[in-house]
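Novice: Protein chains in written order, with our numbering: chain R, 678 to 749; chain L, 20 to 215.
Sharing a structure, written as structure tokens. Questions coming.
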Amino acid sequence: MKLALVVMISTALWLVPKMAVACAVCFTGREDETRIAFIATAGLLTALPILLIGSLVWWLRRRARQIQDESE
Amino acid sequence: MPPRSIASLRVISDPRPPPILPSPVMGMLIFVIAEMMMFAGLMSAFAIVKAGALGWPPPGQPRLPVEATAFNTAALLASAGFLFVANNRYARNRNLAKRPLFTAMGLGAFFVAAQGYEWISLIRQGLTLTSSNHGSFFYLIVGMHGLHAIAGLATLGWAAFKLSRGRLAPGSFVASQVFWYFVVGLWPVLYFMVYL
Numbered sequence: 678m679k680l681a682l683v684v685m686i687s688t689a690l691w692l693v694p695k696m697a698v699a700c701a702v703c704f705t706g707r708e709d710e711t712r713i714a715f716i717a718t719a720g721l722l723t724a725l726p727i728l729l730i731g732s733l734v735w736w737l738r739r740r741a742r743q744i745q746d747e748s749e
Numbered sequence: 020m021p022p023r024s025i026a027s028l029r030v031i032s033d034p035r036p037p038p039i040l041p042s043p044v045m046g047m048l049i050f051v052i053a054e055m056m057m058f059a060g061l062m063s064a065f066a067i068v069k070a071g072a073l074g075w076p077p078p079g080q081p082r083l084p085v086e087a088t089a090f091n092t093a094a095l096l097a098s099a100g101f102l103f104v105a106n107n108r109y110a111r112n113r114n115l116a117k118r119p120l121f122t123a124m125g126l127g128a129f130f131v132a133a134q135g136y137e138w139i140s141l142i143r144q145g146l147t148l149t150s151s152n153h154g155s156f157f158y159l160i161v162g163m164h165g166l167h168a169i170a171g172l173a174t175l176g177w178a179a180f181k182l183s184r185g186r187l188a189p190g191s192f193v194a195s196q197v198f199w200y201f202v203v204g205l206w207p208v209l210y211f212m213v214y215l
């Protein structure tokens, strides 16, 4: 049973990327546009987690202070 | 067995303050942040491939049904509106929340069904997972969103079931709403990137 599961998962991992043909760097053509896209998406992927987690932490702190003020 | 005397009972007072956010909501928010990062990765890969392509969609590939999907998008956005109404009514009278909640679920189910119909039509026209990068990204990104929409519907269905039994906790309801708002809020971004 365990072996069958391992074989199934390994086969899926082996086959699915080939089916998807979604490699982010397999391209040719317009170099300028591609460079801009690389920079923009690197910026997005760098900023997004900071923005999301930062917003959540900021909101939680604000809410905690609000609750504290209400209880006093 | 002799009955326990009052003296044997201990009153345990919890010195901790109440949580800032109910645990289901907090957990769901963290999950949604992780999912956002996953979609950001997919969209980044798509943007890079699209920018490097000489033509988009690639020659010989069908055009995506922009107008029909705009209609689906409107249905999905409306479902979020009905969910908002359900939440407002839930705060006043739980029974009044049922109808807008079921309407929101109906609109969400319509969106998923319409997307499925669209996929069948596109596959018949030759857009498959292996036909081109266009097809690969389309099915990967839109499919991933579709899976999230189905999961969101299941979550809302669970909330509706609990509501009909009168056992829906406010925190759980808000958590299911957070997920659905994520599904709805993400879609216009994907529509703009993939379809337009």
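Where is the CB? At the ideal position from N, CA and C, for every residue including glycine.
Three-state secondary structure (DSSP) at W650(R)?
Specialist: The shown model of chain R, from 678 to 749, leaves out residue 650(R), and the question about it has no answer.
Novice: A168(L): buried (16+ other C-beta within 10 angstroms of its C-beta) or exposed?
Specialist: To locate residue 168(L), count along the second sequence from 1; it is residue 149. With 16 or more other Cβ atoms within 10 Å, it is buried.
Novice: Please determine if the segment 725 to 736 of chain R and the segment 46 to 59 of chain L are in contact, where contact requires at least 3 C-beta pairs separated by less than 8 Å.
Specialist: yes
Novice: Under 8 Å: do the segment 138 to 153 of chain L and the segment 76 to 83 of chain L share three or more Cβ pairs, one atom per stretch?
Specialist: yes
Novice: Compare the Cα-Cα distances from F130(L) to each of L148(L), Y109(L), W199(L), Q144(L) and report the closest residue.
Specialist: Locating residue 130(L) in the second sequence gives position 111, where the first residue counts as 1. Answer by Cα proximity: W199(L).
Novice: Round the Cβ separation of S63(L) and L721(R) to the nearest angstrom and send it over; I've been treating them as touching at under 8 Å.
Specialist: Working through the second sequence from its first residue, we reach residue 63(L) at position 44. Working through the first sequence from its first residue, we reach residue 721(R) at position 44. Confirmed, Cβ separation roughly 6 Å.
Novice: For a quick check, are the C-beta atoms of G176(L) and F201(L) less than 9 Å apart?
Specialist: Here the question's residue 176(L) lines up with position 157 in the second sequence. Here the question's residue 201(L) lines up with position 182 in the second sequence. Result no, Cβ atoms of G176(L) and F201(L) do not sit closer than 9 Å.
Novice: For V203(L), count neighbouring Cβ atoms within 10 angstroms of its own Cβ and tell me buried if that reaches 16, exposed if not.
Specialist: Working through the second sequence from its first residue, we reach residue 203(L) at position 184. So V203(L) ends up on the buried side.
Novice: Using a Cβ-Cβ distance cut-off of 9 Å, determine whether I727(R) contacts chain L.
Specialist: Position 50 of the first sequence, counted from the start, is the residue given in the question as residue 727(R). Cβ-Cβ to chain L under 9 Å: no for I727(R).
Novice: Taking the alpha helix (DSSP H) that G171(L) falls in, what are its first and last residues?
Specialist: In the second sequence, counting from the first residue as 1, residue 171(L) sits at position 152. Where G171(L) is concerned, the enclosing alpha helix (DSSP H) stretches over 152 to 183.
Novice: May I have the straight-line CA-CA distance separating L166(L) from A717(R), to the nearest angstrom?
Specialist: Residue numbering aside, residue 166(L) sits at position 147 when the second sequence is read from its first letter. Residue numbering aside, residue 717(R) sits at position 40 when the first sequence is read from its first letter. Answer to the nearest angstrom: the Cα atoms are 27 Å apart.
Novice: Taking DSSP as the reference, what is the three-state secondary structure of Q134(L)?
Specialist: To locate residue 134(L), count along the second sequence from 1; it is residue 115. Looking at Q134(L) - three-state DSSP - the assignment turns out to be helix.
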